[in-house]
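Notes follow once the structure below has been shown.
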Amino acid sequence: MSKPPGSPLFLERRSYRFRRMMDAVRLLPLLVLAFWMVPLLWPVQDSPVGAAVPMSHALRYVFGVWLAGIVLCFLLWRRTARQIAQEAQD
Numbered sequence: 027m028s029k030p031p032g033s034p035l036f037l038e039r040r041s042y043r044f045r046r047m048m049d050a051v052r053l054l055p056l057l058v059l060a061f062w063m064v065p066l067l068w069p070v071q072d073s074p075v076g077a078a079v080p081m082s083h084a085l086r087y088v089f090g091v092w093l094a095g096i097v098l099c100f101l102l103w104r105r106t107a108r109q110i111a112q113e114a115q116d
């Protein structure tokens, strides 16, 4: 496999970071969903495995993950929007 003539050997640092940032934006919903499902693995009241996790802790965890997902989504959006604006100016 040979590269087309004139193609750069390495990507520019800004475009590489932007691509990784977009990968993070695409992966974030799946990551939040995975963290959101963690309480399903916790023991319930009738389980002989161990002490049950109170519902109040589970609800705090679920809403904490939800809030963290929203904050991370906003921060990633802000950073990618800033990079898109910089590329439009160049």
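Here the working numbering is used: the sequence shown runs in plain steps of one and ends on residue 116.
Heads up, the beta-carbon is just placed ideally off N, CA and C, and yes, glycines get one too.
### Task
If I'm right that residue 58 touches residue 79 with Cβ under 8 Å, what's the distance once you round it to whole angstroms?
Contact doesn't hold; Cβ gap of about 20 Å is too wide.
### Message
Cutting at 8 Å between CB atoms, please list the residues of its own chain near residue 71, excluding the five before and the five after it.
### Response
Exclusion of the five residues before and after residue 71 leaves 78 as the residues of its chain whose Cβ lies within less than 8 Å of its Cβ.
### Message
My output table needs one value for residue 63: the three-state DSSP class, helix, strand or coil.
### Response
In the three-state DSSP reduction, residue 63 falls in the coil class, being neither helix nor strand.
#### Entry: Contact under 7 Å by Cβ, residue 65 with residue 76
No.
### Query
Between the Cα of residue 100 and the Cα atoms of 48, 40, 42 and 41, which residue gives the shortest distance?
Measuring C-alpha to C-alpha distances from residue 100 to each of 48, 40, 42 and 41 identifies 48 as the nearest.
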